[in-house]
Amino acid sequence: MTAAPIASDIDAVIFDMDGILIDSERLYLQAWRIVADEQNCPEIVPLFADIVGLPYDELEKVLQRELKPPVTIEMLRQAIGDALQPILANGYPLKPGTVEILTYLQDRGLPCAVATSSTTSVAVKLNDNHIDHFFRHVVSRDQVARGKPRPDIYLEAAKRLGAAPARCLAVEDSKPGLLSALAAGMNVVHIPDIAIIETDLMAQCMAVLPDLPALRDWLAQDAKQ
Numbered sequence: 510m511t512a513a514p515i516a517s518d519i520d521a522v523i524f525d526m527d528g529i530l531i532d533s534e535r536l537y538l539q540a541w542r543i544v545a546d547e548q549n550c551p552e553i554v555p556l557f558a559d560i561v562g563l564p565y566d567e568l569e570k571v572l573q574r575e576l577k578p579p580v581t582i583e584m585l586r587q588a589i590g591d592a593l594q595p596i597l598a599n600g601y602p603l604k605p606g607t608v609e610i611l612t613y614l615q616d617r618g619l620p621c622a623v624a625t626s627s628t629t630s631v632a633v634k635l636n637d638n639h640i641d642h643f644f645r646h647v648v649s650r651d652q653v654a655r656g657k658p659r660p661d662i663y664l665e666a667a668k669r670l671g672a673a674p675a676r677c678l679a680v681e682d683s684k685p686g687l688l689s690a691l692a693a694g695m696n697v698v699h700i701p702d703i704a705i706i707e708t709d710l711m712a713q714c715m716a717v718l719p720d721l722p723a724l725r726d727w728l729a730q731d732a733k734q
């Protein structure tokens, strides 16, 4: 892990949403496992790791390639939607430390944005958790030509923030997200969630941290010097 960038080196911070700000991926995995059990298709469980962080169009390509009859995308979509209803009865929970890190960045005067593989309609998770006011922009998959792992979504977020990509800090958990932010030329922090990331990809990140409170502590290093 490298030293935290000093404040003068970073003009903006861009967050992924699912798995970083919103603790949603564990809920999706829970629904995935329920469906695997109910439909007697345990072979679909390992597929979850392959689709974490992908935009929906890319996710469907993986499923079309990997699913075996009688399991179909249509059946899976319906079954997972049904399984999620009781799981999400109380909404999507925030990741621990979300409000604290966003407040810290706000106090430091660093503008923030979200770059998510979700669509605009799904990004209301931010509003429901009352954290939307922390972000100047929310860039979703349906607002760019190509989704993660291509760099488009991070480049668009930087453009809207008026910041050079090389002076942005990106915070990601998934492989497609990390590849996207790195391809955009950003300083990348990896906070692991569900997805398993290869060592060589983690080595390209500025830091690998356990959670958002650790990110706040890491960024505060230069303030203590």
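So for the sequence shown, the numbering used here puts the first residue at 510; every next one is plus one.
A virtual CB, placed ideally from N, CA and C, is assigned to each residue, including glycine.
Item                                                                                                                                                                   : Value
Suppose the cutoff is 7 Å on Cβ atoms and the five residues either side in sequence are ignored; what does the same chain contact list for His646 look like?           : Ala622, Ala666, Arg669, Leu670
Under a Cβ-count criterion, where at least 16 other Cβ atoms within 10 Å of its own Cβ denotes burial, should Asp637 be classed as buried or exposed?                  : exposed
I'd like the span of the alpha helix (DSSP H) that includes Glu569, first residue to last.                                                                             : 565-575
Can you tell me which of the three DSSP states His642 falls into?                                                                                                      : helix
Entirely within the segment 601-654 and at least 4 residues each: give me those alpha helix (DSSP H) ranges in chain order.                                            : 607-616, 634-637
Taking 8 Å as the threshold (C-beta atoms), are Lys634 and Leu563 in contact?                                                                                          : no
What does DSSP give as the partner residues of Ile531 in its beta bridges?                                                                                             : Asp527, Leu603
By Cβ distance below 6 Å, which residues in the same chain neighbour Val680 in space, the five residues on each side in sequence not counted?                          : Phe524, Ile529, Val698
Would you check if the segment 709-727 and the segment 540-558 touch, i.e. whether three or more CB-CB distances between them fall below 8 Å?                          : no
What whole-angstrom Cβ distance do Tyr663 and Met711 have, given they're in contact under 8 Å?                                                                         : At roughly 18 Å, the Cβ-Cβ gap does not stay under 8 Å, so Tyr663 and Met711 are not in contact.
Just to confirm my understanding: we take Val554, look at its own chain, exclude 5 residues before and 5 after, and list those with CB closer than 8 Å. What are they? : Trp541, Arg542, Ala545
Rounding to the nearest angstrom, what Cα-Cα distance links Val571 and Leu556 in this structure?                                                                       : 9 Å
Quick one, are the C-beta atoms of Ile610 and Leu724 less than 8 Å apart?                                                                                              : yes
Check the DSSP bridge columns for Cys677 and list the partner residues they point to.                                                                                  : Ala521
Report the option in Met584, Asp520, Leu536 whose CA atom is closest to the CA atom of Ile596.                                                                         : Leu536
For Ala654 and Glu567, I'd like the C-alpha separation in whole angstroms.                                                                                             : 13 Å
My understanding is that Ser683 touches Ala704, with C-beta atoms under 8 Å, so please give their C-beta distance in whole angstroms.                                  : 5 Å
Near Ala632, which residues of its chain fall below 8 Å by C-beta distance, leaving aside the five closest residues on each side in sequence?                          : Met526, Val623, Thr625, Val647, Ser649
Terminal residues of the continuous beta strand (DSSP E) containing Val580?                                                                                            : Val580 -> no beta strand (DSSP E), and no H or E assigned at all.
Could you give the residue range of the beta strand (DSSP E) that holds Asn696?                                                                                        : 696-699
Work out the CA separation of Glu569 and Asp518 for me, nearest whole Å.                                                                                               : 39 Å
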